[in-house]
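S.K.:
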Amino acid sequence: MEPTEEVVNSPTAWVAEHIRQYVDSQGEQGHYFNGYPTLLLTTRGRRSGKMRRTALVYGRRGDDYVVVASNGGSPRHPLWYLNMTADPRVRVQVGANVFAAQARTASAEERPELWEMMTGIFEPYLDYQKGNEREIPVVVLEPAGRPGKREEGQR
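Okay, so the sequence shown: first residue is 11 according to this note's numbering, each after it adds one.
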C-alpha cells in the first residue's frame with residue numbers, strides 16, 4: 011500500500027464529503043463528526059485492487075484503534091470489512107496522523123469488552139445488532155512498527 015496510490019472515496023455522497031473535508035483539513039474538520047470521533051480507513055479492494063477509503067467511528071485500546079463493521083445495521087458486512095479480511099494491511103488517518111496498520115477481527119474472547127466500549131461511544135450499534143442475524147464484527151487496527159510487531163516483509 012503506497013501513500014502515492016490513487017484512493018477512491020466512499021460512493022455514499024455524505025461519507026465522501028466527510029472524507030474530503032477530513033483529508034483537505036488534515037483532520038481539523040471531520041475528526042469529530044456529529045460529536046463522534048472518526049478515523050479514515052483505507053483498504054485494498056479485493057476484486058478491483060483499488061485503494062478504497064471510508065470514515066468510521068472509533069475507540070482506543072492502548073495503542074490500537076477499534077472500529078465496528080456495522081454497515082448501518084445492514085444484514086451484510088460492509089465492503090471495507092470484506093476487503094480487510096482479504097488483505098489486512100490497511101492505512102489509517104486519525105486527525106493529521108496517517109499510518110499503516112494491520113487489521114483483524116476481534117477474537118471471541120476480546121469482543122465483549124470491545125463491543126461494550128464501542129456501544130458506549132456510539133449507542134446505535136446496539137439497535138443495529140438487535141435487528142440483525144449476523145454478529146456485527148468488531149475490528150482491531152494495530153499500528154505497524156510497534157515494538158514486538160513484525161514490519162511488512164519480515165517473516
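Glycine included, each C-beta is placed from N, C-alpha and C at the ideal position. All values reported here derive from a predicted model rather than from experimental measurement.
#1: Using CA atoms only, rank isn't needed, just tell me which of S20, F43, E27 is closest to G55.
#2: Are the region 52-72 and the region 95-102 in contact at 8 Å, needing three or more beta carbon pairs?
#3: So, for E145: in the same chain, excluding its five sequence neighbours on each side, which residues have a beta-carbon less than 8 Å away from its beta-carbon?
#4: Where does the unbroken beta strand (DSSP E) through Q103 begin, and where does it stop?
#5: Give the single residue among E143, T48, K60 whose Cα lies nearest to the Cα of I29.
#6: Hey, A106 and Q39 are a contact pair by Cβ (cut 8 Å); roughly how many whole angstroms apart?
#7: Take A34 and list the residues in its own chain whose beta-carbon comes closer than 8 Å to its own, dropping the five residues that flank it on each side.
#8: Using CA coordinates, which residue listed in S117, L89, P153, A118 is at the minimum distance from R62?
#9: Between A111 and V150, what straight-line distance do the alpha-carbon atoms span, to the nearest angstrom?
#10: Whole angstroms are fine: how far does the CA of H87 sit from the CA of E143?
#11: Over what stretch of residues does the alpha helix (DSSP H) that includes Y135 continue unbroken?
#12: Going by C-alpha to C-alpha distance, which of E152, T64, R121, S80 sits closest to D137?
#13: Quick check on Q170: does DSSP put it in helix, strand or coil?
M.R.: Put simply:
#1: S20
#2: yes
#3: Q139
#4: 99-104
#5: T48
#6: Not really, about 12 Å apart at Cβ, beyond 8 Å.
#7: The identity of residue 34 in the sequence shown is Asp, whereas the question assumes Ala. Answer for D34: no residue qualifies.
#8: L89
#9: 10 Å
#10: 11 Å
#11: 134-140
#12: S80
#13: Examination of residue 170 is not possible in this model, given that the chain is present from 11 through 165 alone.
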